[in-house]
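2 protein chains.
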Amino acid sequence: MAHINLPEGLPGIRGPMAFRPETAKPLNELAEILLRDDNNTLSRGERELIGAYVSSLNDCFFCQNVHGALAQHYLQCDMQFIDSVKQNFQLTPVSAKLKSLLAIAASVQKGGKFVTEEQIQQARAEGATDREIHDTVLIAAAFCMYNRYVDGLGTWAPQDRQVYVERASRRAAEGYIDFDLYK
Amino acid sequence: MAHINLPEGLPGIRGPMAFRPETAKPLNELAEILLRDDNNTLSRGERELIGAYVSSLNDCFFCQNVHGALAQHYLQCDMQFIDSVKQNFQLTPVSAKLKSLLAIAASVQKGGKFVTEEQIQQARAEGATDREIHDTVLIAAAFCMYNRYVDGLGTWAPQDRQVYVERASRRAAEGYIDFDLYK
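These protein sequences, in sequence, are chains C and D. Going by my numbering, the first sequence opens with residue 3, and the numbers climb by one from there. Going by my numbering, the second sequence opens with residue 3, and the numbers climb by one from there.
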């Protein structure tokens with residue numbers, strides 16, 4: 003049971019968002035711009051993968067499955083691939099640039115000061131732009147918020163991971179501004 | 003020097019916000035609703051104090067001084083009081099309810115799952131409402147994002163803490179929607 007009385011039947015972040023729509027609005031707008039806006043040289047799949055990876059580092063079941071399933075949808079891969087990225091992205095066949103960005107995201111998850119100049123130089127060497135480094139840092143930071151919001155209020159989440167996979171295409175189509183995203 | 007090429011002369015979060023105004027908009031709107039909106043039973047001073055406290059736990063110099071100075075402005079206290087809250091809020095003369103909320107915020111800073119049912123019950127016993135608990139969790143979670151955004155990009159910050167104090171009243175008047183907040 004959640005720590006506060008949330009509207010029933012809404013998993014994960016949907017409960018707190020329905021409880022407090024005033025804060026849900028900018029939270030959803032931030033997700034839409036960071037993760038879904040097509041004015042970005044990182045693909046939707048790459049950005050969702052960064053979010054899923056940070057959520058797994060934060061051990062947030064709901065977020066890592068929602069965004070892992072979205073990454074799977076966009077990247078046209080299977081769940082095993084998403085899980086292998088979470089376990090050790092260096093050993094997976096993602097681009098060298100994305101690996102360098104995932105390394106930065108992992109540092110941000112620990113704390114902003116863990117990002118090193120070497121990580122930045124590595125990302126640049128792999129072709130990452132300032133905008134891509136910026137967005138990686140903010141995506142990782144934002145998931146450190148979303149994950150804490152979801153788990154800090156003790157929300158529930160469907161335990162069958164296939165549920166998230168089945169809903170991903172609709173979520174991808176509807177986007178984050180739609181308040182009923184996570185139904 | 004910051005990790006990416008940010009507009010010059012803008013300290014802390016202002017540089018990344020000027021670099022990427024599309025994401026600055028929801029980031030500022032979230033801060034405005036959470037910290038400044040008067041439709042809230044937690045005072046602006048209490049909410050800024052929670053933000054400053056979490057920022058100190060995350061060792062973010064810029065955020066803890068911006069928001070510590072705002073808390074100081076609203077609470078009409080001195081910097082020593084703000085520092086004593088950061089060092090050990092249990093020993094400071096803040097309300098028992100605020101102490102219980104600061105304890106929840108400290109758990110959120112570690113990770114969402116660190117919030118305990120005992121902490122929630124304690125907050126309720128001190129009169130905290132569901133909305134106040136919700137807002138405390140989201141403020142703490144949001145500062146885990148803002149702090150990582152500021153430090154993860156290696157931004158600079160004025161080192162003289164008095165600078166923040168002197169600018170607090172103007173910041174309080176202008177609010178967070180104004181993009182030039184931190185000048």
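The beta-carbon is built from N, C-alpha and C at its ideal position, and this holds for glycine as well. On a predicted model such as this, the values are computed, not experimentally measured, just so you know.
Quick one: what does DSSP say Gln66(C) is sitting in, helix, strand or coil? For the purposes of this step, residue 66(C) is taken as residue 64 along the first sequence, with counting starting at 1. Helix.
Of the residues Gln164(C), Gly177(C), Ala159(C) and Cys146(C), the one placed nearest Leu59(C), counting alpha carbons only: Working through the first sequence from its first residue, we reach residue 59(C) at position 57. Looking at the Cα atoms, Cys146(C) is the closest of the given residues.
Hey, how far is the Cα of Leu104(C) from the Cα of Arg169(C)? On the first sequence, position 102 is the one that residue 104(C) refers to. On the first sequence, position 167 is the one that residue 169(C) refers to. Approximately 25 Å, taken between the alpha carbons.
Pairs of beta-carbons, one from the region 118-125 of chain D and one from the region 76-94 of chain C, closer than 8 Å: are there three or more? no
From this set, Ala143(D), Ala159(D) and Gln164(D), which residue's C-alpha is nearest Ala33(D)'s C-alpha? Counting from 1 along the second sequence, the entry for residue 33(D) is found at position 31. The shortest C-alpha separation from Ala33(D) is found at Ala143(D).
Give the residues from the region 154-168 of chain D that approach chain C closer than 8 Å (Cβ to any Cβ), ordered along the chain. Gly154, Leu155 and Gly156
Nonlocal neighbours in the same chain, by C-beta distance under 6 Å from His75(D), ignoring five residues either side: The sequence position of residue 75(D) within the second sequence is 73, counting from 1. For His75(D), where only same-chain residues beyond five positions count, the Cβ hits under 6 Å are Ala170, Ser171 and Ala174.
Return the Cβ separation of Phe21(C) and Leu29(C) in integer angstroms, given the expectation that the two are a contact with Cβ distance under 8 Å. In the first sequence, residue 21(C) corresponds to position 19, counting from 1. In the first sequence, residue 29(C) corresponds to position 27, counting from 1. Going by Cβ atoms, the distance from Phe21(C) to Leu29(C) rounds to 12 Å, so no, they are not a contact pair.
Cβ neighbour criterion (16 or more within 10 Å) applied to Pro23(D): Walking along the second sequence from the start, residue 23(D) turns up at place 21. Exposed, because fewer than 16 other Cβ atoms sit within 10 Å of the Cβ of Pro23(D).
Sufficient close CB pairs (3 or more, under 8 Å) joining the region 65-73 of chain C to the region 100-116 of chain C: no
Select from Gly113(C), Glu176(C) and Thr157(C) the residue whose C-alpha is nearest the C-alpha of Gly11(C). Mapped onto the first sequence, residue 11(C) falls at position 9. Selected option, being the one with the closest Cα: Thr157(C).
If you count every other CB in all the chains shown that lies within 10 Å of the CB of Gln78(D), and 16 or more means buried, which is it? In the second sequence, counting from the first residue as 1, residue 78(D) sits at position 76. Looking at its Cβ environment, which holds fewer than 16 other Cβ atoms inside 10 Å, Gln78(D) is exposed.
Of the residues Gln89(D), Leu140(D) and Gln92(D), the one placed nearest Gly113(D), counting alpha carbons only: Locating residue 113(D) in the second sequence gives position 111, where the first residue counts as 1. Comparing Cα positions, the closest option is Leu140(D).
Is the CB of Leu72(D) under 9 Å away from at least one CB in chain C? Here residue 72(D) refers to the residue found at position 70 of the second sequence. Answer no: the Cβ-Cβ gap between Leu72(D) and chain C never drops below 9 Å.
Is DSSP giving Leu183(D) helix, strand or coil here? Counted from its first residue, the second sequence places residue 183(D) at position 181. Confidence is the limiting factor: at Leu183(D) the pLDDT is only 45, short of 50, which leaves the residue's position unreliable, though a coordinate-based value still follows. Here Leu183(D) sits in coil by DSSP.
My parser needs the beta strand (DSSP E) runs of 3 or more residues fully inside the region 84-148 of chain D; what are they? none
Per-residue DSSP class, three states only, for Ala7(D): Along the second sequence, one-based indexing puts residue 7(D) at 5. Inspection of the sequence shows that residue 7(D) is occupied by Asn rather than by Ala. The answer is coil: DSSP assigns Asn7(D) none of H, G, I, E or B.
DSSP three-state label for Asp153(C), please. Looking up residue 153(C) in the first sequence gives position 151. Asp153(C): helix per DSSP, three-state reduction.
What are the boundary residues of the alpha helix (DSSP H) that includes Asn30(D)? Within the second sequence, residue 30(D) is the residue found at index 28, counting from 1. Note, Asn30(D): alpha helix (DSSP H), Pro23 to Ala33.
Between which residues of its own chain and Cys62(C) is the CB-CB distance below 7 Å, once the five residues before and five after are set aside? Start at 1 with the first residue of the first sequence, and residue 62(C) comes out as number 60. Asn149, Val152 and Asp153.
Given that Asp61(D) touches chain C, what residues does it touch there, using C-beta distances under 8 Å? Indexing the second sequence from 1 puts residue 61(D) at position 59. Here the neighbours are Gly113 and Lys115.
What first and last residue would you give for the alpha helix (DSSP H) that runs through Ser57(C)? As a working note, residue 57(C) is residue 55 in the first sequence. Looking at the DSSP string, the run of the alpha helix (DSSP H) that includes Ser57(C) is Arg46 to Leu59.
Classify Gly17(C) as helix, strand or coil using the three-state DSSP reduction. Counted from its first residue, the first sequence places residue 17(C) at position 15. Residue state, collapsed to three classes: helix.
Here's the rule I'm using: 16 or more other beta-carbon atoms within 10 Å means buried, otherwise exposed. How should Ala98(C) be labelled? One-based indexing of the first sequence puts residue 98(C) at position 96. By the 10 Å Cβ count, Ala98(C) comes out exposed.
Could you give the DSSP three-state label for Leu12(D): helix, strand or coil? Residue mapping note: residue 12(D) aligns to position 10 of the second sequence, counting from 1. Three-state DSSP puts Leu12(D) in coil, outside helix and strand.
Give a yes or no on whether the C-beta atoms belonging to Val56(D) and Gln111(D) are separated by under 9 Å. Working through the second sequence from its first residue, we reach residue 56(D) at position 54. Working through the second sequence from its first residue, we reach residue 111(D) at position 109. Cβ distance < 9 Å, so Val56(D) and Gln111(D) count as in contact.
Would you mind telling me which residues of chain C sit closer than 9 Å to Val96(D), beta carbon to beta carbon, in chain order? Along the second sequence, read from residue 1 onward, the residue named residue 96(D) stands at position 94. Here the premise fails: no neighbours, minimum Cβ distance about 21 Å.
Let me know the secondary structure DSSP gives Gln161(C) once reduced to three states. To locate residue 161(C), count along the first sequence from 1; it is residue 159. In the structure shown, Gln161(C) sits in coil (DSSP, three-state: anything other than H, G, I, E or B).
Which word fits Met3(D), buried or exposed, when buried means at least 16 other C-beta atoms lie within 10 angstroms of its C-beta? Locating residue 3(D) in the second sequence gives position 1, where the first residue counts as 1. By the 10 Å Cβ count, Met3(D) comes out exposed.
Give me the Cβ distance between Arg46(C) and Tyr178(C), rounded to the nearest whole Å; I'm assuming they're in contact under 8 Å. Reading the first sequence from its first residue, position 44 is the one you call residue 46(C). Reading the first sequence from its first residue, position 176 is the one you call residue 178(C). About 11 Å separates the two Cβ atoms, so there is no contact after all.
So, with DSSP's three-state summary, where would you put Gln78(C)? Mapped onto the first sequence, residue 78(C) falls at position 76. DSSP places Gln78(C) in coil when its eight states are reduced to three.
Taking only three categories from DSSP, how would you classify Tyr178(C)? For the purposes of this step, residue 178(C) is taken as residue 176 along the first sequence, with counting starting at 1. Residue state, collapsed to three classes: coil.
How should Asp137(C) be labelled, buried or exposed, when 16 other C-beta atoms within 10 angstroms of its C-beta is the threshold for buried? Indexing the first sequence from 1 puts residue 137(C) at position 135. Buried, because 16 or more other Cβ atoms sit within 10 Å of the Cβ of Asp137(C).
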